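Q: Questions regarding the structure given below will be posed in turn.
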Amino acid sequence: MSPYVLALLLFSLGLGTTMTFASSHWLLAWIGLEINTLAIIPLMAQNHHPRAVEATTKYFLIQATAAAVLLFAGTTNAWLTGQWEIQQDAHPLPVAIITLALALKLGLAPLHSWVPEVFQGLDLTTGLILATWQKLAPLALLLQLQPPNSYLLILLGLTSTLIGGWGGLNQTQLRKILAYSSTAQLGWMVLVLQFSPSLTTLAVSVYVATTAATFLTLKLAKATNINMLAISWAKAPALVALTPLVLLSLAGLPPMTGFMPKWLILQELSKQGLAPTATLAALTALLSLYYYLRITYTMTLTMFPNNLTGTPPWRLRTRKITLPLACLAIATISLLPLTPAAVALVAL
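Using UniProt numbering, you'd call the opening residue of the sequence shown number 1 and step up by one each time.
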């Protein structure tokens with residue numbers, strides 16, 4: 001792809017998301033989401049592989065459906081209330097429809113079935129954009145939605161954490177595992193979204209950092225399934241030592257950074273009198289922890305079957321840019337001591 005075309009597409013991605021962030025009108029927000037979708041379609045299909053084209057087609061159809069439902073709900077709300085403002089109190093029926101449309105765009109369970117299939121057809125770089133940047137605009141609209149449908153959001157959040165953990169248990173393809181991981185992590189954000197928007201913003205920031213570090217690690221290791229990780233120890237020992245820490249942070253284990261948002265979310269849910277919900281969410285996190293540990297075990301404690309002459313492969317100096325991965329890994333692993341500062345920011 002030409003650098004000029006790539007720059008134009010990335011600029012359009014940023015423009016669409018920024019337009020959705022800044023809009024207070026449902027029609028402008030819808031236009032921003034459409035620009036976002038149209039900008040990522042060429043990036044997804046650039047390999048011209050049948051799987052990539054299939055994934056792009058599925059993604060386009062799903063996003064077009066969600067956008068049509070969103071526009072219909074916005075129009076219905078304008079008809080019932082006489083205004084198009086996002087921050088104004090909306091009618092309960094359009095709020096429920098908009099919530100489901102945004103859940104379909106985000107890939108929240110039970111509207112998640114497209115996510116693993118689309119991720120499986122993409123390369124890791126485009127998958128990273130899809131798992132991080134493309135989630136921001138729909139989440140921003142969910143944050144602004146007034147009044148939120150409390151029961152629907154809690155149901156979507158719990159279902160996402162459960163299915164996101166359950167679906168990844170039997171997977172061997174890393175991109176599908178990361179897709180289910182994305183669904184589970186988004187479930188945590190949606191659970192607390194109506195009670196503490198600032199805490200949701202913190203959770204999104206940590207999620208973007210940990211997911212980006214994981215995707216860049218797999219891209220550097222050139223791995224697309226679990227078995228390919230078994231030979232990584234001989235190619236990049238430092239990377240193999242770092243990866244378990246990044247994965248455990250994604251799982252939310254202390255003393256990694258990923259523990260911070262989950263800890264604060266459970267605390268907030270308990271304050272709101274939702275202790276059973278917090279307990280269920282914490283239990284479903286164990287399902288996700290299993291497949292993160294499975295990847296860690298494969299990468300660090302197993303050896304790919306090969307003959308003796310092929311055991312020590314050539315280790316040449318890499319020409320790949322590793323600075324972004326290094327910065328993200330440090331942020332992913334070592335920011336838990338800053339939790340008091342994060343709590344102070346959330347309380348503002």
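For each residue, glycine too, the CB sits at the ideal point set by N, CA and C.
Quick caveat: nothing in here was measured; it's all calculated off a predicted structure.
Among Ala7, Leu6, His49, Gly32, which one has its Cα closest to the Cα of Gly16?
A: Counting from one through the sequence shown, the residue named residue 16 turns up at place 16. Nearest option by C-alpha distance: Gly32.
Q: Please report the residue range of the alpha helix (DSSP H) in which Ser24 lies.
A: Locating residue 24 in the sequence shown gives position 24, counting from the first residue. Ser24 -> no alpha helix (DSSP H), and no H or E assigned at all.
Q: Apart from the five residues on each side of it in sequence, which residues of its chain come closer than 6 Å, Cβ to Cβ, to Phe215?
A: Taking the first residue of the sequence shown as position 1, residue 215 is located at position 215. The answer, listed in chain order, is Leu124, Leu128.
Q: In the structure shown, what three-state DSSP assignment does Gln144 receive?
A: What you label residue 144 is simply residue 144 of the sequence shown in a count that begins at 1. Reduced to three states, the DSSP call for Gln144 is helix.
Q: Between the alpha carbons of Tyr291 and Leu169, how many angstroms are there, rounded?
A: Locating residue 291 in the sequence shown gives position 291, where the first residue counts as 1. Locating residue 169 in the sequence shown gives position 169, where the first residue counts as 1. One C-alpha to the other measures close to 6 Å.
Q: Whose C-beta lies closer than 8 Å to the C-beta of Gln272 among residues of the same chain, with five residues either side of it excluded?
A: Stepping through the sequence shown from its first residue, residue 272 is reached at position 272. For Gln272, where only same-chain residues beyond five positions count, the Cβ hits under 8 Å are Phe195.
Q: Excluding sequence positions up to five away, which residues of its chain have a Cβ less than 8 Å from the Cβ of Ala55?
A: Numbered from 1 along the sequence shown, position 55 holds the residue referred to as residue 55. Within the same chain, Ala55 has close Cβ partners Met44, Glu117, Val118, Phe119, Gln120, Gly121, Leu122.
Q: Hey, how far is the Cα of Phe21 from the Cα of Ala230?
A: As a first step, residue 21 is located in the sequence shown; it is residue number 21 there, counting from the start. As a first step, residue 230 is located in the sequence shown; it is residue number 230 there, counting from the start. When rounded, the distance between both Cα atoms is 42 Å.
Q: Drop a sphere of 10 angstroms on the beta-carbon of Lys320, count the other beta-carbons inside from all chains shown, and report buried for 16 or more, exposed for fewer.
A: As a working mapping, residue 320 is identified with position 320 in the sequence shown. Looking at its Cβ environment, which holds fewer than 16 other Cβ atoms inside 10 Å, Lys320 is exposed.
Q: Please classify Thr172: is it buried, with 16 or more other beta-carbons within 10 angstroms of its beta-carbon, or exposed?
A: The residue you call residue 172 lines up with position 172 of the sequence shown. When all chains shown are included, Thr172 counts as exposed.
Q: Going by C-alpha to C-alpha distance, which of Gly107, Gly157, Ala96 sits closest to Lys135?
A: To locate residue 135, count along the sequence shown from 1; it is residue 135. If we check each option's Cα against that of Lys135, Gly107 comes out closest.
Q: Report buried or exposed for Tyr180, applying the criterion of at least 16 other Cβ atoms within 10 angstroms of its Cβ.
A: Against the sequence shown, residue 180 aligns to sequence position 180. When all chains shown are included, Tyr180 counts as buried.
Q: Please state whether the Cβ-Cβ distance between Thr257 and Val206 is less than 8 Å.
A: Within the sequence shown, residue 257 is the residue found at index 257, counting from 1. Within the sequence shown, residue 206 is the residue found at index 206, counting from 1. A contact, by the Cβ cut-off of 8 Å.
Q: Specify the secondary structure class of Gln171 as computed by DSSP and reduced to three states.
A: The residue labelled residue 171 in the question sits at position 171 within the sequence shown. Three-state result, Gln171: coil.
Q: Whole angstroms are fine: how far does the CA of Thr296 sit from the CA of Thr279?
A: In the sequence shown, residue 279 corresponds to position 279, counting from 1. In the sequence shown, residue 296 corresponds to position 296, counting from 1. Roughly 26 Å separates the two Cα atoms.
Q: Name the DSSP bridge partner or partners of Asn225?
A: Here residue 225 refers to the residue found at position 225 of the sequence shown. Paired residue(s): Gln173.
Q: Can you pull the DSSP bridge partners for Glu85?
A: Your numbering for residue 85 matches position 85 in the sequence shown. The partner list for Glu85 (beta bridge, DSSP) reads His25.
Q: Hey, could you find the ends of the alpha helix (DSSP H) Phe259 is sitting in?
A: Taking the sequence shown and counting its residues from 1, one reaches residue 259 at position 259. Start and end: 259-271.
Q: For Gln185, does the count of other Cβ atoms within 10 angstroms reach 16, so buried, or fall short, so exposed?
A: Counting from 1 along the sequence shown, the entry for residue 185 is found at position 185. That one is buried.
Q: Start and end of the alpha helix (DSSP H) containing Lys105?
A: Mapped onto the sequence shown, residue 105 falls at position 105. Run containing Lys105: 92-106, per the alpha helix (DSSP H) assignment.
Q: Is DSSP giving Lys58 helix, strand or coil here?
A: Indexing the sequence shown from 1 puts residue 58 at position 58. Of the three classes helix, strand and coil, the one that applies to Lys58 here is helix, per DSSP.
Q: CB-CB under 7 Å to Leu239, same chain, minus the five flanking residues each way: which ones, in chain order?
A: Taking the sequence shown and counting its residues from 1, one reaches residue 239 at position 239. Contacts found: Thr217, Leu220, Ala221, Ser232.
Q: Just curious, the alpha helix (DSSP H) that Lys320 is in, first and last residue?
A: For the purposes of this step, residue 320 is identified with residue 320 of the sequence shown, where counting begins at 1. Where Lys320 is concerned, there is no enclosing alpha helix (DSSP H), given that its DSSP letter is neither H nor E.
Q: Please report the Cβ distance between Ala67 and Trp30, rounded to the nearest whole angstrom; I am assuming they are in contact, meaning their Cβ atoms lie under 8 Å.
A: Position 67 of the sequence shown, counted from the first residue, corresponds to residue 67. Position 30 of the sequence shown, counted from the first residue, corresponds to residue 30. Indeed, because the Cβ distance is near 6 Å, the residues count as touching under 8 Å.
Q: Would you mind stating whether Thr277 and Ile154 have Cβ atoms separated by less than 8 Å?
A: Start at 1 with the first residue of the sequence shown, and residue 277 comes out as number 277. Start at 1 with the first residue of the sequence shown, and residue 154 comes out as number 154. Yes, they are a contact pair.
Q: For Ala96 versus Leu152, is the C-beta spacing smaller than 8 Å?
A: If you number the sequence shown from 1, residue 96 lands on position 96. If you number the sequence shown from 1, residue 152 lands on position 152. Yes, they are a contact pair.
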